[in-house]
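Novice: Below you'll find the structure I mean.
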Amino acid sequence: MESLAEELKPEFPIGKVFDPPLLLRSEPALGPLLFNPEPKTLTQLFSSPSLAPPLLSPHPRLSLSRYIFTTCPSVPPSTASSIDSIFGPQNDPVSSLSLSHNRLQLLEFNGDSAIVFFPTGENLEQIGFLVLSVKDGNLKVDAENEFIFRAEKRSSHRILRILVNPVVRSWGFESESSDYATIGYLMACTMYSVDWYSIKLSGSRKRPFLSYLGCKRFKTCAIAGACWSPHLPEECLVLLESGALFLFDMESDCSIAYFKGTRLRVSWDDSSHSKSARWLGCEFSWHGRILIVARSDAVFLVDVRADEIKMTCLAKIEMLGMYSTTEKQFLAFSKAVSNGFQFVLASDSLLVIYDVRRPLMPILQWEHNIDKPCFIDVFRLSELRSQLKDATYEWATNSGFCIALGSFWNDEFKLFCCGHCLPACKGSGTGTLEISNYCKSLYAWELPSNLLLSGRECPCGSCILREDFAKDALPTWVDWQQKKEIVLGFGLLGKDLTSLLSVSGESAGFMVIRLMSSGKLESQRYYASWKLVKKSEVAHRDPLLGVEDHALYDMGDEVYKFPKRYKYLKLNYLNAYLNGDLSQLLASSMNNCVRKETKLKEKFSSEFHEILSEKLEICGFSQFRTSPAATVVFDDISVPTSICEVASKRLWAELPMELLQLAFSSYSEFRHVLVDEKKVSLEFLTVPDLPQLPPFFLRKPSCRSSKWSRKVEPSDTLVGPVLPLPVLQTIHECQNGCPNSQEVDDFSPEAELDLVCEEVRQVAKETSVSVHLPQLPDDAAVSLDDDTEEVCVDSQKTKPFISYHPAAFECSENNGVYKDGSYTTLIAKVHKEESVPNENMETVGLQMFDDLCLIKLKFDTPDVKFGVQELKAHNALKRKFAEWQKGSKPYQEFCTKFKLRKPDS
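And the structure:
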């Protein structure tokens, strides 16, 4: 592949193809390009809760569909997925949180000191900083009474990113009468605002401080990116999510602590702009009025030197799909440090370097294998190999640079080293290098290497596997970052400051200052090596996921001041029912309540008894006060009802009024219910006004608040059942069936229900037309399918009911669920055909809907009278509905099987 033209070589990404042409491997002249944490150099500089403020909201990290399905079990997964699709793809938490940006920024001054900036405060709304100084070869922290320094001015929202720009000038003061010197500028960006500060140094040069300059609020659009100018340190650029660009000047643009800025009238008329694309950031190019603006699908060069702004497309995401079909968007963007012409982009799987002088043509590509990278920065190789004494590698050290790509959330970082082709070697044993010519192509120096930024990882296979198992063992709503100490931000000390530190015998390396999620500020030295460390002795011994939680959730700084109380539900009755011991438990409880019988009778007054009796009679309990026959209960059937539901209606109907008073009540009776000596509001569903027996069909939700008050008085609405049917059956048996007898231990609500279900099957066989019911495996069980009912179907006598088995229930029977057909056999009443309303009639009631459905319908609403116009509209819609019925083959087959009506009617 070396014979390829120079223009074609960048088309082959490093890691995607075999033997890529732009890769230099194992070249001794490049020097060591791998970096390992140096043992015994980890130093804790400072530790405070102020360094680890809350970052995230206290909610589970679940997808919308998973969250709905988990919190609302009644919602099927298909419905949850449909709701999720309506809102579209949810943004990954990394893209919108503080972990998307480097939370720590360094500014060196005075040759032997550096300032560390970071967001702090209860909501990360304040700038905090510490001063690092080199004393006796060691790095020390200058803090005020062991507390961090803070800027007096707070931002209006949570600070998401901090950007620092040094001022390169002599160490003279701003004026002869001034005691302060400006050493840099600081910009703090929130979601909708920017605050600017000047970093000043006092005359004694003992302590720097922040001087507030002003702010800018963006009320209608969020901030997507910002940057300082490398040409004029007083200028900066802000990019909004709408694509609007603003240029600010710290020296002349401020008016009463408020920056207006200059809006650059850039027209983004790119026709390929997708609605889902988002703006990534902006940078200054080689000129102070030439800008690079990145979007998730494209990158543009904006020239604002003239009145007419010129725009050129530099990169497009669709042009990176030659070796990967997963390239959907750019995720990270940064400018290279070499000459202002180059910039770096990271997509889903590729890291690409572009040059503004070669639009749409990458000059170097890698495969990065990092999950959703959000951080990218470029360093000179001389910063990473400072104090390198071997002159053999001097050219590579001065000309090469490294790209750091990674994710703070995933705690994963990689280094990508690159530079130009090696110069021609000349001379004998002196090892000197001379540059004969420069190749225009940019080469990758070695393969990408992992950067163990936290210094606590062990790269051996056992530790990596153990960490993956530990992550999978955590619950779905718990992030593994809660259990592991991760890096929130880092910075590299410059060469001049590093040279003052006492170092070990390693020849080259760099010093990292990092901020940990535990609230620690640490320093650690990294050394350049020819090989990566395969096993870290210290990290290998320690557990990767410690027992100490490193909270990343917003729990607040204040201690929870309210008492924590827990309510425990006693499920002894449910446990007894599941184990078949319900009768024994109830009999024992009733014997213990004999002494309280008088008080119970006083509670149910005669007045309440009459009121409750009237309400229960309205609901359908008045017709059965003795044990009713199953044929009588069939009259209560309206909508298709299973055999088990019909049997339950019969069991409810035979309960005496005394037990129904326990099963149904009004909200006024629940006002004084105590749980653990505390008043607790109870919640039940309202009994429908339409006469029917339980289980009630399609009940309305209860109309009440969480607590009754003087303004909202409890209603007399009938609610319930407040006790389940098996409990009431067992109480009834204890009182009337076999009181004070051990025979009650043999009573089983399930067996009683099975007997009534058998009776319902027999009645259904006589009163309904059955075509298909499930074949029962038990020979002793009776099935309506045993008799084909050919005689009944052809008989002149019309049966009032139909019984059928929907095909949707066959899967449950094949899986061994409800094989007796009690739950899968439906019974429905066939209403009698009545005269069709004539359009000439003046008024008609709800009976106009009777001939639209095969079953008898009941309306839970007062009778409504319809006029002539409504009747005409009804008949017109009915004719359309009849045409659909004729064209529906399943409907016609259903009618033909049950002889319900003629297929052509």
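Remember, my numbering sits 180 above the position in the sequence shown when you count from 1. Even glycine gets a Cβ: it sits at the ideal position worked out from N, Cα and C. Since the structure is predicted, the reported quantities are computational estimates derived from the model, not experimental observations.
Quick check on the DSSP output: the alpha helix (DSSP H) that includes Asp652 runs from which residue to which?
Specialist: Residues 641-653.
Novice: Could you check which residue in Gly195, Leu381, Leu568 has the C-alpha nearest to that of Gly211?
Specialist: It is Leu568.
Novice: Roughly how many angstroms lie between the CA atoms of Leu202 and Pro639, to the nearest whole one?
Specialist: Going by the C-alpha atoms only, they are around 28 Å apart.
Novice: What are the boundary residues of the beta strand (DSSP E) that includes Phe389?
Specialist: Taken as a continuous stretch (DSSP letters only), the beta strand (DSSP E) holding Phe389 covers 388-397.
Novice: Which one or two residues does DSSP pair with Phe426 in a beta bridge?
Specialist: Per DSSP, Val418, Arg443.
Novice: How do the segment 336-348 and the segment 280-298 stand: do at least 3 beta-carbon pairs fall below 8 Å, yes or no?
Specialist: Enough Cβ pairs lie closer than 8 Å, so yes.
Novice: Whole angstroms is fine: what's the gap from Leu213's alpha carbon to Asp199's?
Specialist: Leu213 and Asp199: Cα-Cα distance of roughly 20 Å.
Novice: How many angstroms separate the CA atom of Val482 from the CA atom of His467?
Specialist: So the two alpha carbons sit approximately 11 Å from each other.
Novice: Which same chain residues end up closer than 7 Å to Gly936 when comparing Cβ atoms and leaving out the 5 residues on each side of it in sequence?
Specialist: In the sequence as presented, Gly is not what sits at residue 936; that position holds Val. Closer than 7 Å at Cβ, skipping near neighbours: Ala827, Arg830, Leu831.
Novice: Could you tell me the distance, in whole angstroms, from the CA atom of Asp869 to the CA atom of Val819?
Specialist: Straight-line Cα distance between these residues: approximately 16 Å.
Novice: In terms of alpha-carbon separation, which member of Gly364, Asp896, Lys315, Pro193 lies closest to Ile533?
Specialist: Answer by Cα proximity: Pro193.
Novice: My assumption, with CB atoms under 8 Å, is that Leu319 sits in contact with Leu381. Please give the rounded CB distance.
Specialist: At roughly 19 Å, the Cβ-Cβ gap does not stay under 8 Å, so Leu319 and Leu381 are not in contact.
Novice: Going straight from the alpha carbon of Arg537 to that of Gly520, what length do you get?
Specialist: Roughly 11 Å between the two C-alpha positions.
Novice: Is Trp660 helix, strand or coil by DSSP?
Specialist: Here Trp660 sits in helix by DSSP.
Novice: Go through its chain and collect everything with a Cβ distance to Leu1026's Cβ below 7 Å, but skip five positions before and after it.
Specialist: Excluding sequence neighbours, Leu1026 sits near Phe1039, Asp1043, Val1044.
Novice: Just verifying my parser: in three-state terms, what is the DSSP assignment at Gly1067?
Specialist: Residue state, collapsed to three classes: helix.
Novice: Is Asp322 near the ligand NAP, in the sense that its beta carbon is under 8 Å from a heavy atom of that ligand?
Specialist: The ligand NAP is absent from the structure shown, which contains no ligand whatsoever.
Novice: Spatial neighbours of Glu415 within its chain, please: C-beta separation below 8 Å, excluding the five flanking residues on both sides.
Specialist: Here the set comprises Trp408, Ser409, Leu427, Phe428, Asp429, Met430, Gly468.
Novice: Decide if the segment 549-568 is in contact with the segment 508-518; the criterion is three or more beta carbon pairs, one per stretch, under 8 Å apart.
Specialist: These segments touch.
Novice: If I'm right that Glu626 touches Cys597 with Cβ under 8 Å, what's the distance once you round it to whole angstroms?
Specialist: Their Cβ separation, rounded to whole angstroms, is 6 Å, which keeps Glu626 and Cys597 in contact under 8 Å.
Novice: Is Phe814 near Val943, with beta carbons less than 9 Å apart?
Specialist: Yes, they are a contact pair.
Novice: Thinking C-alpha only, which one of Gly641, Arg205, Ala368, Gln1072 is nearest Leu602?
Specialist: When each option's Cα is compared against that of Leu602, the closest is Arg205.
Novice: DSSP on Trp575, reduced to helix/strand/coil?
Specialist: Helix, per DSSP.
Novice: If you run the structure through DSSP and keep just helix, strand and coil, what is Gln872?
Specialist: The answer is coil: DSSP assigns Gln872 none of H, G, I, E or B.
Novice: DSSP has Gly669 in a bridge; who is on the other side?
Specialist: DSSP lists Leu695 as partners of Gly669.
Novice: Excluding the five sequence neighbours on either side, which residues of its own chain have a C-beta within less than 6 Å of the C-beta of Phe559, listed in chain order?
Specialist: Once the five neighbours on either side are set aside, the close Cβ partners of Phe559 are Cys582.
Novice: Give the straight-line distance between the Cα atoms of Ile263 and Asp322, rounded to the nearest whole angstrom.
Specialist: Roughly 54 Å between the two C-alpha positions.
Novice: Pull up the distance between the alpha-carbon of Gly609 and that of Ala571, whole angstroms please.
Specialist: Confidence at Gly609 is low in this model, with a pLDDT of 36, below 50, so its placement is unreliable and the value that follows should be read with caution. Going by the C-alpha atoms only, they are around 13 Å apart.
Novice: Can the beta-carbon of Leu564 be found closer than 9 Å to that of Leu284?
Specialist: Taking 9 Å as the Cβ cut-off, Leu564 and Leu284 do not qualify as a contacting pair.
Novice: Taking only runs that begin and end inside the segment 465-529, name each unbroken alpha helix (DSSP H) of 4 or more residues, in chain order.
Specialist: Segments of the alpha helix (DSSP H) lying fully in the segment 465-529: there are none.
Novice: Using only alpha-carbon positions, find the residue among Phe1078, Phe877, Lys440 that is nearest to Asp947.
Specialist: The residue you asked about is not Asp; residue 947 is Thr in the sequence shown. The option with the nearest alpha carbon to Thr947 is Phe1078.
Novice: So who's on the other strand from Leu310, going by DSSP bridges?
Specialist: Paired residues: Val296.
Novice: Assign Leu613 to one of three DSSP states: helix, strand, or coil.
Specialist: Residue confidence for Leu613 is low, a pLDDT of 40 falling below 50, so the modelled location carries little weight; the figure read from the coordinates is stated next. DSSP places Leu613 in strand when its eight states are reduced to three.
Novice: My output table needs one value for Asp433: the three-state DSSP class, helix, strand or coil.
Specialist: Reduced to three states, the DSSP call for Asp433 is coil.
Novice: When we look at the beta-carbon of Ser1068 and count the other beta-carbons within 10 Å, is it buried (16 or more) or exposed?
Specialist: It counts as exposed.
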